[in-house]
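All remarks here apply to the structure that follows.
In the numbering used here, the protein residues as written are 176 to 293.
Laid out in structure tokens, this is it:
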């Protein structure tokens with residue numbers, strides 16, 4: 176049985192409330208988000224991260240896409256720091272077994288986004 180592809184509206188609606196605008200903004204700018212959470216809505220799930228996060232699957236160049244994400248976030252006057260710090264950070268990884276390339280944007284929720292971002 177083939178699974179129906181979700182619409183953009185369904186994808187955004189399925190996100191935690193205070194991370195929806197971040198996910199929408201990233202998807203509108205060509206980033207393929209695949210998982211997100213606000214770090215507080217579902218604390219009972221063991222796999223939940225305790226901070227806001229958006230995972231992005233990369234099909235092209237991981238390093239270049241990571242730099243592009245950093246540039247896009249900083250263009251919103253949001254400073255990106257190093258991995259694991261209290262403020263926003265970006266981390267990229269590659270799994271040579273599955274060949275999956277992934278970027279995580281962490282500690283950014285809808286609050287610091289300018290009002291003109293839908």
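C-beta atoms are modelled at their ideal positions from N, C-alpha and C, and glycine is treated no differently.
I'd like to check one pair, residue 205 with residue 194: are the Cβ atoms closer than 8 Å? no
At the level of alpha carbons, what is the spacing between residue 232 and residue 269? 10 Å
Span of the alpha helix (DSSP H) around residue 278: That residue, residue 278, is in no alpha helix (DSSP H); its beta strand (DSSP E) goes 275 to 281.
Which residues bound the beta strand (DSSP E) around residue 233? First-last of the beta strand (DSSP E) with residue 233: 228 to 233.
If you reduce the DSSP assignment to three classes, tell me which class residue 267 lands in. strand
My output table needs one value for residue 211: the three-state DSSP class, helix, strand or coil. When secondary structure is reduced to three states using DSSP, residue 211 falls in the strand class.
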